[in-house]
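What follows is a set of notes on a single structure, which appears directly below.
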Amino acid sequence: MVDVGKVRISPRGLARLKSGHVWVYRSDVMSADNIPPGSLVTVVDQRGKPLGTALYSSSSQIAIRMLSREPVSDFPALLRQRIADAITYRDTFVRDSNAYRVVFSEADFIPGLVVDRYNDILSVQVLTQAIDAEPVRETVISELVSRVAPASVIERVDPRVRELETLPARSSSLVHGEKTATTFTMNGVQFYFEGREGQKTGAFLDQRENYAAAAHYAHGEALDVFCYQGGFALHLAPRCSQLTGVDSSRPALEVADRNAALNGREIDWIEANAFDLLKDYAVSGHFYDTIVLDPPAFAKTKRDLDSALRGYKELNLRALKMLRRGGILVTCSCSYHVSESSFLEMLASAGLDARRNLRLLEIRGQAKDHPILLNIPETAYLKCVIAHVS
Ligand code: SAH
C-alpha cells in the first residue's frame, strides 16, 4: 500500500484532530480527489499543512482514521509494531484468562482491526476498506501467527460492515490452521468456543472483570437476565443457592447449558422475552436476592437515547421490585450513547419509583483488554453498576 494522495480537511475536522481524536467525518473532508478506497493518505489542513497519515474510506461516514501524526513510510512495519505493542499490553494487564481482546481497533492504534483470543483460536474482524486490502490482511495474519502461535485463525465477517464499507461480500472462514472449536477459561470458569461457519459465536470478553466483581457480592436465589451463553450465571453459581438464566436466543441457551455441564453446575435456562418474563414474574410475585441485567445496546444512535433510557428504566424498575431487601443488582449498558451519568440518573429514578434505596458498591466499565483512550470518547462504552438494594 502506498501513500497516494492528500486529503484536505475543514477547520472543524482540524479542531477534532487537535482535541486528540483520530476520526474526521466525511462532512469535514474538503477534497479527496482520485483517492482509491482504503488508501493510506496524507491529511492536510485548509492551507495544505500536513497533519499526519491516515487510512481513508470512500464510503464510511468516518472518512479518515488517523494512523500517525507523522509521515508513515513503511505501513507494514508500523502494523507489525502496533500488533506487538497490543500483545505486550495484554501480557501486562490481562489476568486469569486465556480469552481476551488482543487488538481493539482505534484503542490499539490500528483502526479497523479487532482480534480476540479464545485460548488457542484467534478470531479476527476487519472493519474498514484499508484493513481489508490483501497485503494488509497478510501482514496482520502473519504477525499474529508468529507472535501468538494459535492453532488457527478464524475471520468473523459482519455482512453489514462490509456493505457500509462497500466491500465485496465474504463469508466467515478459517484463514490459518484447521481448528474451529475449543474451550477457554476465564476466572477459573470454562466455556466452549465454537467458531464454525454459520454459527459464529464468541463471548462478551469486555464483561470478564465484571463477572468476577459481581460474583463477589452475589448470594441466594439469582436471576441472570439476557444471559447469552451464561457468562454471569456461571460465575455467580458457586455463590448462589439457585440460578436462573433468561435469554430470547435458543442457540445461546444451548451453549449456556453445555457450559454449565462443563463446569458441573445446575442452572435453569429459560427461553423468553425478558420484558415479558419480568412483567409476568412481577405479577406472580417472584423474588430474588441477586439480579443481573445485561441487555443488548438499546441506543445504537444518539437519536435512540430517550427510548433507550425508557427501556433501561423499565427493566431496572422491574428488577428492583423483584429484589429482596439486602439484594444485589448488577445492571449494565453497552450503549456508548448512554453516558455513565445518564445511566446513573436513570437508575436513581427507577429506585425512587420502586421505593428502594440503592447503595452503589461499584461503578465499573469494560475489561482492561478493551482499552479506553481518553481522547476518543467512543472507546468507552460499557457501564456495569453493582448496587445493594434495600
Ligand atoms: N450477559 C451476557 C451478554 C448479553 S448480550 C454475557 O455476559 O455473556 C445480550 C443478550 O440479550 C443476547 O444473548 C440476546 O440474545 C439477548 N436478548 C436480546 N433481546 C432480548 C429480549 N427481548 N429478551 C431476552 N433476551 C434478549
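When you read off a place in the sequence shown, starting at 1, and then add 4, the result is the number in the working numbering. Virtual Cβ for every residue (Gly too), placed ideally from N, Cα, C.
Quick check: does the Cβ of residue i come within less than 8 Å of any heavy atom belonging to the ligand SAH?
i, result
"Pro299", "yes"
"Cys244", "no"
"Gln211", "yes"
"Gly235", "yes"
"Phe208", "yes"
"Asp162", "no"
"Asp120", "no"
"Val296", "yes"
Using the Cβ count rule (16 or more neighbours within 10 Å means buried), how would you classify residue i?
i, result
"Lys387", "buried"
"Phe195", "buried"
"Gly235", "buried"
"Ile68", "buried"
"Asn320", "buried"
"Arg254", "exposed"
"Ala81", "exposed"
"Ala137", "buried"
Can you tell me the Cα-Cα spacing of residue i and residue j, whole angstroms?
i, j, result
"Ala216", "Asn38", "51 Å"
"Arg322", "Cys336", "15 Å"
"Val2", "Asp100", "Any property of residue 2 remains undetermined from this structure, which presents the chain solely from 5 to 394."
"Ser31", "Ser77", "28 Å"
"Arg174", "Ile158", "13 Å"
"Asn379", "Gly24", "5 Å"
"Gln129", "Pro15", "33 Å"
"Gln246", "Ile271", "7 Å"
"Arg328", "Asp298", "20 Å"
"Ala384", "Gly42", "26 Å"
"Phe291", "Arg368", "26 Å"
"Leu309", "His341", "7 Å"
"Gln370", "Glu213", "8 Å"
Please work out which residues of its chain come closer than 7 Å, Cβ to Cβ, to residue i, disregarding the five sequence neighbours upstream and downstream, and give them in chain order.
i, result
"Ala276", "Val250, Ser252"
"Gly315", "Phe302"
"Ser346", "Leu313"
"Gly413", "What is shown of the chain runs 5 to 394, which leaves residue 413 out entirely."
"His180", "Ile145, Val149, Ser156, Val157"
Compute the minimum distance between the beta carbon of residue i and the heavy atoms of the ligand FMN, and state whether it is under 8 Å.
i, result
"Tyr29", "Judged by which ligands are present, the ligand FMN is missing from the structure shown, whose ligands are the ligand SAH."
Among residues of its own chain, excluding the 5 on either side of residue i, which ones have a beta-carbon nearer than 6 Å to its beta-carbon?
i, result
"Thr170", "Ser63"
I'd like the list of long-range same chain contacts for residue i, defined as Cβ closer than 8 Å, with 5 residues on each side in sequence excluded.
i, result
"Val48", "Lys10, Val11, Arg12, Ile13, Pro54, Leu55"
Discussion item. Just to confirm the assignment: which complete beta strand (DSSP E) runs, minimum length 3, are found wholly within the region 238–325?
Written reply: 244–251, 272–275, 292–297
Discussion item. At 4 residues or longer, what runs of the alpha helix (DSSP H) sit wholly inside the region 133–206?
Written reply: 133–136, 138–152, 163–168
Discussion item. At 4 residues or longer, what runs of the alpha helix (DSSP H) sit wholly inside the region 64–131?
Written reply: 79–97
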